[in-house]
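Residue numbers (the UniProt record's numbering): 1 to 254.
Just so it is clear, CB atoms sit at the ideal spot from N, CA and C, and this is done for glycine as well.
These figures come from a predicted structure and were not determined experimentally.
The block underneath contains the structure these notes are about, expressed in structure tokens.
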């Protein structure tokens with residue numbers, strides 16, 4: 001009888017684990033979309049004056065609504081999937097487990113020469129009741145074990161996000177940047193680690209020698225920049241958005 005219950009545990013666990021596979025990736029995507037939505041709100045608060053000055057409220061509104069609708073659509077699909085999985089989990093982990101438990105207990109009483117059938121009716125009923133109670137408790141415990149995989153699958157989605165940020169932090173520490181805005185499909189040579197440049201204070205001159213300009217999110221704007229500004233010179237830095245003006249002054253300030 002215990003072998004039947006353990007076999008059911010293995011079969012039910014394997015079946016439910018296969019059905020729950022999408023939950024991990026869907027949970028990770030949920031966290032990513034929530035992070036994007038929070039970032040858009042934070043960016044809107046930080047740059048509210050500039051957005052109002054340039055009348056970019058309509059554009060920011062579209063961006064905010066697009067992110068919100070994407071998040072809501074994903075959450076709706078995730079909740080629908082969880083409801084369906086909840087029905088399957090309860091059916092397999094509770095009701096079917098109880099039926100299998102009673103079936104396993106009843107098997108010996110259907111055999112003509114089984115040892116439990118030796119004795120009077122009261123003796124057989126006592127054995128059936130005792131074994132039945134134990135099997136019901138065993139079935140409930142096995143059902144809880146089967147349902148525990150549901151939370152473990154959700155936990156796997158959160159750990160996937162933690163693993164991603166650890167990988168990103170490790171890449172940043174080693175000077176490897178993943179370009180998200182400027183891509184050409186080719187492998188880029190690693191840029192030196194942040195803070196490894198050498199600063200020499202001499203002759204009241206600002207001189208850049210083979211300095212890369214990299215945005216905070218890792219986009220390489222200029223691989224190798226070299227120029228010199230002597231004391232007393234007036235310099236006008238101009239160019240379109242995203243060309244590296246702010247990055248130039250950030251590197252100079254550091």
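Distance, residue 28 Cα to residue 160 Cα: 7 Å
Given 8 Å, three or more beta-carbon pairs between the segment 81-94 and the segment 144-152: yes
Cα-Cα separation between residue 231 and residue 204, rounded to whole angstroms: 6 Å
Neighbour-count burial assignment, residue 130, 16 or more Cβ in a 10 Å radius: exposed
Beta-ladder partner(s) of residue 229, from DSSP: 206
Inter-stretch contact at 8 Å, needing at least 3 Cβ pairs: the segment 20-37 / the segment 155-172: yes
Beta-carbon proximity of residue 12 to residue 146, cut-off 8 Å: yes
Own chain partners of residue 213 with C-beta closer than 7 Å, once the 5 adjacent residues on each side are dropped: 221, 222, 225, 244, 247, 248, 251
Same chain only: Cβ atoms within 8 Å of residue 228, ignoring 5 sequence neighbours per side: 205, 206, 207, 208
6 Å Cβ shell around residue 6 - same chain, five flanking residues per side excluded: none
Residue 198 classed as buried or exposed, judged by whether at least 16 other C-beta atoms fall within 10 angstroms: exposed
Beta-carbon proximity check, residue 270 vs residue 78, cutoff 8 Å: With the chain covering only 1 through 254, there is no way to say anything about residue 270.
Nearest candidate by alpha-carbon position, reference residue 136, set 157, 169, 93: 93
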